[in-house]
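Residues in the sequence shown are numbered from 3 upward in steps of one, following our numbering.
Structure first, commentary second.
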Amino acid sequence: MILCSALTPIPSAYFADRFGRKTTLLLGAIPFIMGWVLVIVAKSVAVLYVARMFSGLGYGIVYTVAPMYTGEIATNEVRGALSTLITLMNKVGILAQYCIGPFVDMRTLAAINLILPITFVLSFIFLPESPYYYLKFERTERAERSLRNLRTGDIRLELKNIEINVQEDMKNKGSWGDLIFEATNRKAMWISIGVFTIQQLCGSAAVVAYAQTIFKSTESKIEPYQESIILGCVQVATCMLSVLLVDRVGRKPLLLLSALGVGLMNGTIGTYFYFSAWHKSSIGQLHWVPLVAIVIYIVCYAIGLSTVPYVIIGEMFPTNVKLYASCIAHIYTGFSMFAVQKLFQVVSDSWGIYTAFWGFAAFSLLGLVYMLIALPETKGKSFANIQAGLKRDVARDNASKLMTVEY
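And the structure:
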């Protein structure tokens, strides 16, 4: 599923740019519907594999286009919260599977899940298209109608500001190459890819995928499905906290706190498993340590690294290249998530599970330093202000390089 999610960002970016964000998201429900229908009718494992592939295709569409859509329809004051809702709803869905799955058969669970994408289509079809999309094609009346559906009160000033912003962005139509050759876009791309790299190299995919295996090795008396429900509840609660804090505290503080927390917990888990492997008598009655550390890890991860990167990717780029950036970020994330999961098992088998967690700890703390230095704060800023800030940073960097050369 993860690999298939990397196949749809490019076509979904084209569709979102050509036919609209709303239309593309509605089309994105089709793979999910097909996936659950296949699970219901499946009579072989091969059909289940195909169903997973369809789900991955839908996942790639949603995570490419949804951050852009939510970022473009939101006000500056709540843009972060709305963007983090994407991850929160993902965690709510996972928790629902944990809670319902142990008590119903596979087909019943699939039938329940099938209700969700159908409900999405029937409700989302009545919501407006992004005003940014309309203004990109100079459809001012439709943009005004869209913004009136999204706001209360006078919208004329905001509409004018959006129009100016889009016109400025669209002086250059935008292309894949602009992400590399345009200095401001290149800086935004490096920042975004850096944050997504930290998101994966902190070990999140491995921790979630192998949580039950880790719990089993700690001799925990809790049933596996109960452990999953506990972890799911923790993720949902913390993601809700992130939604509340991201527009109050800011993006950068949450990411820094998150990286510090997961780094320390990775180190703690790694140290426990080291002593468990080589000095088992010294750990005594400390079998609870990995359980507590993983719960704290999930709290720290969910409050920042799980949610905020999708806010960043929706804010850092101008309208003319935003879809391209979102596309690259999701493809990169899909492949890196798959690689981390596989490498975790290889490293654990070859050098011990503690080595893998110590590696995650090191990457997390390196990521903390990177974000402290490189990541700008975007809380409460308009897209135009964010772009102006990036341009100032690029100009300052160029001036610094010039002074160094002259010296």
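Each residue gets a CB set at the ideal place from its N, CA and C atoms; glycine is no exception.
Residue closest to residue i, alpha-carbon to alpha-carbon, out of the options
i, options, result
"Ala8", "Ser194, Ile388, Ile330 and Ile166", "Ile330"
"Leu152", "Ala76, Thr240 and Lys282", "Ala76"
"Val323", "Val43, Glu184 and Tyr65", "Glu184"
"Leu181", "Tyr326, Phe337 and Ile388", "Tyr326"
"Met3", "Tyr16, Lys24, Ser328 and Phe34", "Phe34"
"Ser132", "Ala48, Glu74 and Val301", "Glu74"
"Ala83", "Ala15, Phe128, Gly306 and Leu288", "Gly306"
"Glu165", "Gly391, Lys393, Ser384 and Val396", "Ser384"
"Gly37", "Lys45, Thr25 and Leu50", "Leu50"
"Gly60", "Thr72, Val47, Pro13 and Pro104", "Pro13"
"Phe139", "Val106, Lys175 and Cys235", "Lys175"
"Val371", "Leu257, Phe277, Thr380 and Ala279", "Leu257"
"Phe122", "Thr26, Arg144 and Tyr136", "Thr26"
"Trp280", "Ala390, Pro255 and Trp353", "Trp353"
"Phe302", "Asn187, Thr240 and Leu40", "First, the amino acid is wrong: residue 302 is Cys here, not Phe. The shortest C-alpha separation from Cys302 is found at Thr240."
"Met108", "His332, Lys24, Leu40 and Gly336", "Leu40"
"Leu5", "Tyr71, Tyr16, Val47 and Gly58", "Gly58"
"Trp178", "Tyr16, Leu159 and Glu79", "Tyr16"
Residue environment, residue i, which counts as buried when at least 16 other CB atoms sit within 10 Å
i, result
"Ser194", "buried"
"Phe126", "exposed"
"Gly62", "buried"
"Asp19", "buried"
"Asp249", "buried"
"Thr142", "exposed"
"Glu225", "exposed"
"Asp351", "exposed"
"Asn92", "buried"
"Leu246", "exposed"
"Asn167", "buried"
"Ile300", "buried"
"Val310", "buried"
"Phe275", "buried"
"Gly22", "buried"
"Ile271", "buried"
"Arg253", "buried"
"Ala213", "buried"
"Thr86", "buried"
"Ser244", "buried"
Contact test: residue i Cβ vs the ligand MG heavy atom, cutoff 7 Å
i, result
"Pro119", "As far as ligands go, the structure on display features none, and thus does not contain the ligand MG."
Would you call the stretch 195-207 and the stretch 259-274 touching, i.e. three or more CB-CB distances under 8 Å? The answer is yes - the stretch 259-274 touches the stretch 195-207, with three or more Cβ pairs under 8 Å.
Length-filtered (4 minimum) alpha helix (DSSP H) runs lying within the stretch 202-264: If we require 4 residues or more, the alpha helix (DSSP H) runs fully inside the stretch 202-264 come out as 206-211, 213-219 and 226-247.
Contact between the stretch 166-174 and the stretch 333-347 is defined here as three or more beta-carbon pairs at a separation below 8 Å; is this criterion met? No, the stretch 166-174 is not in contact with the stretch 333-347.
Start-end ranges of the alpha helix (DSSP H) lying completely within the stretch 87-130, minimum 4 residues: For the stretch 87-130, whole alpha helix (DSSP H) runs of length 4 or above, ordered along the chain, are 108-126.
Tell me the start and end of each unbroken alpha helix (DSSP H) in the stretch 120-183 that is at least 4 residues and wholly inside, in chain order. If we require 4 residues or more, the alpha helix (DSSP H) runs fully inside the stretch 120-183 come out as 133-138, 142-152, 158-171 and 180-183.
I want to know whether the stretch 351-368 touches the stretch 231-246 - three or more CB-CB distances under 8 Å. Counting Cβ pairs under 8 Å, fewer than three are found: no touch.
Using a Cβ distance threshold of 8 Å, determine whether the stretch 316-326 contacts the stretch 183-193, with at least three qualifying pairs required. The answer is yes - the stretch 183-193 touches the stretch 316-326, with three or more Cβ pairs under 8 Å.
Continuous alpha helix (DSSP H) assignments of at least 4 residues falling wholly in the stretch 325-400: List check, alpha helix (DSSP H) in window: 355-376.
contact_flag[the stretch 20-34, the stretch 64-81] where n(CB pairs < 8 Å) is 3 or more: Per the Cβ contact rule, the stretch 20-34 is in contact with the stretch 64-81 (3 or more Cβ pairs under 8 Å).
Count the CB pairs spanning the stretch 391-404 and the stretch 94-108 that are closer than 8 Å, and state whether there are at least three. Under the 8 Å Cβ criterion, the stretch 391-404 does not count as touching the stretch 94-108, having fewer than three qualifying pairs.
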